[in-house]
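Visitor: Numbering (the working numbering), first residue to last: 404 to 727.
Every residue, glycine too, gets a C-beta built ideally from N, C-alpha and C.
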Amino acid sequence: MKKIILLFTFLCFADAYAQLFPTLGSQRAGISTAQFLKIGVGGRATAMGDAFVAVSNDVSALYWNPAGIVQTEKDQAIFSHNEWLVDIKHEFFGAIYHFSSNDAVGVSFTALHMDDMKVTTEFMPFGTGEYFSFGDIALAVTYARKMTDQFSFGGTVRYIEETLDVLKMRGFMIDLGTYYWTGLGSTRFAVTITNFGGELRPKGSVKLIDGSDKSDWQAFSPPTMFRIGFAMEPFQDEINRITTSIQLNHPSDNSENVSTGVEYSWREIVLIRAGYKINVDEQDFSVGIGLNIPTSIAEVTVDYSYSNFERLGSAHRISLILGL
Numbered sequence: 404m405k406k407i408i409l410l411f412t413f414l415c416f417a418d419a420y421a422q423l424f425p426t427l428g429s430q431r432a433g434i435s436t437a438q439f440l441k442i443g444v445g446g447r448a449t450a451m452g453d454a455f456v457a458v459s460n461d462v463s464a465l466y467w468n469p470a471g472i473v474q475t476e477k478d479q480a481i482f483s484h485n486e487w488l489v490d491i492k493h494e495f496f497g498a499i500y501h502f503s504s505n506d507a508v509g510v511s512f513t514a515l516h517m518d519d520m521k522v523t524t525e526f527m528p529f530g531t532g533e534y535f536s537f538g539d540i541a542l543a544v545t546y547a548r549k550m551t552d553q554f555s556f557g558g559t560v561r562y563i564e565e566t567l568d569v570l571k572m573r574g575f576m577i578d579l580g581t582y583y584w585t586g587l588g589s590t591r592f593a594v595t596i597t598n599f600g601g602e603l604r605p606k607g608s609v610k611l612i613d614g615s616d617k618s619d620w621q622a623f624s625p626p627t628m629f630r631i632g633f634a635m636e637p638f639q640d641e642i643n644r645i646t647t648s649i650q651l652n653h654p655s656d657n658s659e660n661v662s663t664g665v666e667y668s669w670r671e672i673v674l675i676r677a678g679y680k681i682n683v684d685e686q687d688f689s690v691g692i693g694l695n696i697p698t699s700i701a702e703v704t705v706d707y708s709y710s711n712f713e714r715l716g717s718a719h720r721i722s723l724i725l726g727l
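(1) Below 8 Å, how does it come out for the region 481-492 and the region 544-562: are there three or more Cβ pairs, yes or no?
(2) What number of angstroms, rounded off, separates the C-alpha of residue 424 from the C-alpha of residue 628?
(3) Tell me whether the beta-carbon of residue 545 lies closer than 9 Å to the beta-carbon of residue 574.
(4) In three-state DSSP terms, what is residue 464?
(5) Ignore the nearest five residues each way along the sequence and tell me which others in residue 420's own chain have a CB closer than 7 Å to its CB.
(6) Determine the extent of the beta strand (DSSP E) in which residue 646 is found, giving its start and end residues.
(7) Does the beta carbon of residue 530 come closer than 9 Å to any beta carbon on chain B?
(8) Within 10 angstroms of its Cβ, does residue 740 collect 16 or more other Cβ (buried), or is it exposed?
(9) Shortest alpha-carbon distance to residue 700 belongs to which of 727, 513 and 721?
(10) Grab the span of the beta strand (DSSP E) containing residue 450 for me, first residue to last.
(11) How far does the beta strand (DSSP E) with residue 613 in it reach, from first residue to last?
(12) Could you give the C-beta distance for residue 599 and residue 576, rounded to a whole number, given that I count them as a contact under 8 Å?
(13) Please classify residue 472: does DSSP put it in a helix, a strand, or coil?
(14) Among the residues of its own chain, which have a CB less than 6 Å from the CB of residue 443, if the five just before and after it don't count?
(15) Whether or not the region 613-632 and the region 644-655 are in contact is what I'm after, with contact meaning three or more pairs of Cβ atoms, one per stretch, closer than 8 Å; do they touch?
(16) Do you know offhand how far residue 615's Cα is from residue 646's?
(17) So, for residue 665: in the same chain, excluding its five sequence neighbours on each side, which residues have a beta-carbon less than 6 Å away from its beta-carbon?
(18) Identify the residues that DSSP records as bridge partners of residue 697: which are they?
(19) Consult DSSP for residue 489 and reduce its assignment to one of helix, strand or coil.
(20) Using only CA atoms, which one of 702, 704, 535 and 719 lies nearest to residue 710?
(21) Could you have a look at residue 411 and say whether DSSP puts it in helix, strand or coil?
(22) In this structure, does DSSP put residue 711 in helix, strand or coil?
(23) What's the C-alpha gap between residue 470 and residue 582?
(24) By how many angstroms is the C-alpha of residue 695 removed from the C-alpha of residue 525?
(25) Buried or exposed for residue 562, going by 16 or more other Cβ atoms inside 10 Å?
(26) By how many angstroms is the C-alpha of residue 511 removed from the C-alpha of residue 496?
(27) Which one or two residues does DSSP pair with residue 660 in a beta bridge?
(28) Assuming residue 692 and residue 675 form a contact by the criterion Cβ under 8 Å, report the distance between their Cβ atoms to the nearest whole angstrom.
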């Protein structure tokens, strides 16, 4: 009970802090590319308000914290579909395999896609009859190792490609993550840095309205993100479990913000989740539910999340995890 009261007090203070002090860092908005890499993965993590780097104990850790893939002993695969904003679709596939109880490797694939859009010009604002496409993909390989019973480390190498009609932008990025059990009950904290790499520049040539060609494009930095999170179980017995998490996010292209999340589990079969983001201009709360279904072949987990956006609408994610 004391832990719950302390956590509630901290969340109230953090919310008051966000109200009293101005949002710092918003002037950095719009300075990086490959924004699809910032879209959260999995119904479980996103239902908890993205406060997941210190929880990361399933295959979705491939996105959130590479060190987390050794926090589960199971080999797993995840399929995640996201009905994102303004008719954009976001897909994620990943799988992890354990060489031993201390070593695991994983692969993942991310895709963002949408319907083709009309080509418009100053003289034909309703369309020229032609269409263009936009899409992003990312391929990643992850390795993690338990250095001790309490400390784990992981890393990811990711290839990304953005396509806008005839223009393509390619590059490599890395993620680094740590996971540490403090030894005080179930408390643990994690630190990650994701999407770290060099500047990216589009390649290709387009014809302008005056007939000239343009092939020289500005370079942009990737959307590097630093996160530090803390998680614990304030209550747990043979039937019920409550997991709480709080996370500080420092993006390179926007303001610092705080994510909070909670998960209630009944017999590790039915799971109910909620999250809230502090100091974020658009997104605020999220909720979700999960269901674990043991079968003779594999353990099947289905997760759903709803994320609310104040002006843009909402996002719906559903993910399926298969564990062996």
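Guide: Short version:
(1) no
(2) Locating residue 424 in the sequence shown gives position 21, where the first residue counts as 1. Locating residue 628 in the sequence shown gives position 225, where the first residue counts as 1. At residue 424, the pLDDT of 41 sits below 50, so the modelled position is not reliable and the matter cannot be decided from this model.
(3) Looking up residue 545 in the sequence shown gives position 142. Looking up residue 574 in the sequence shown gives position 171. Cβ atoms of residue 545 and residue 574: not closer than 9 Å.
(4) Here residue 464 corresponds to residue number 61 of the sequence shown, with the count starting at 1. Helix at residue 464.
(5) Locating residue 420 in the sequence shown gives position 17, where the first residue counts as 1. The predicted position of residue 420 is uncertain, since its pLDDT is 43 and thus under 50; no value can be drawn from it.
(6) Against the sequence shown, residue 646 aligns to sequence position 243. Taken as a continuous stretch (DSSP letters only), the beta strand (DSSP E) holding residue 646 covers 643-654.
(7) Of the chains in the structure shown, none is chain B; there is only one protein chain.
(8) One cannot answer for residue 740 here, as it falls past the ends of the chain, which runs 404 to 727.
(9) Stepping through the sequence shown from its first residue, residue 700 is reached at position 297. Among 727, 513 and 721, the Cα nearest to that of residue 700 is on 727.
(10) Numbered from its first residue, the sequence shown carries residue 450 at position 47. Counting along the chain, residue 450 falls outside any beta strand (DSSP E), though it belongs to the alpha helix (DSSP H) covering 446-450.
(11) Working through the sequence shown from its first residue, we reach residue 613 at position 210. Element bounds for residue 613: n/a, residue is neither H nor E.
(12) As a working mapping, residue 599 is identified with position 196 in the sequence shown. As a working mapping, residue 576 is identified with position 173 in the sequence shown. Indeed they touch by this definition, with Cβ atoms about 6 Å apart.
(13) Counting from one through the sequence shown, the residue named residue 472 turns up at place 69. Three-state result, residue 472: helix.
(14) Translated into positions along the sequence shown, residue 443 becomes position 40. 449 and 453, listed in sequence order.
(15) These segments touch.
(16) Stepping through the sequence shown from its first residue, residue 615 is reached at position 212. Stepping through the sequence shown from its first residue, residue 646 is reached at position 243. Distance between the alpha carbons of residue 615 and residue 646 is about 59 Å.
(17) Position 262 of the sequence shown, counted from the first residue, corresponds to residue 665. Shown here for residue 665: same chain residues with a beta carbon closer than 6 Å to its own, the five before and five after excluded, namely 647 and 677 in chain order.
(18) In the sequence shown, residue 697 corresponds to position 294, counting from 1. Looking at the DSSP assignment, residue 697 forms a beta bridge with 702.
(19) Numbered from its first residue, the sequence shown carries residue 489 at position 86. DSSP places residue 489 within a helical segment (H, G or I) once states are collapsed to three.
(20) Mapped onto the sequence shown, residue 710 falls at position 307. It is 719.
(21) As a first step, residue 411 must be located in the sequence shown, where it is residue number 8. Note that residue 411 scores a pLDDT of 41, beneath 50, so its modelled location is shaky; the value from the coordinates is reported in the next line. Residue 411: helix per DSSP, three-state reduction.
(22) Walking along the sequence shown from the start, residue 711 turns up at place 308. Of the three classes helix, strand and coil, the one that applies to residue 711 here is strand, per DSSP.
(23) Here residue 470 corresponds to residue number 67 of the sequence shown, with the count starting at 1. Here residue 582 corresponds to residue number 179 of the sequence shown, with the count starting at 1. Whole-angstrom Cα-Cα distance: 6 Å.
(24) Against the sequence shown, residue 525 aligns to sequence position 122. Against the sequence shown, residue 695 aligns to sequence position 292. Going by the C-alpha atoms only, they are around 54 Å apart.
(25) As a working note, residue 562 is residue 159 in the sequence shown. Residue 562 should be labelled exposed.
(26) In the sequence shown, the residue the question calls residue 496 occupies position 93. In the sequence shown, the residue the question calls residue 511 occupies position 108. One C-alpha to the other measures close to 6 Å.
(27) Translated into the one-based positions of the sequence shown, residue 660 becomes position 257. Paired residue(s): 652.
(28) Translated into positions along the sequence shown, residue 692 becomes position 289. Translated into positions along the sequence shown, residue 675 becomes position 272. About 6 Å; that satisfies the 8 Å criterion.
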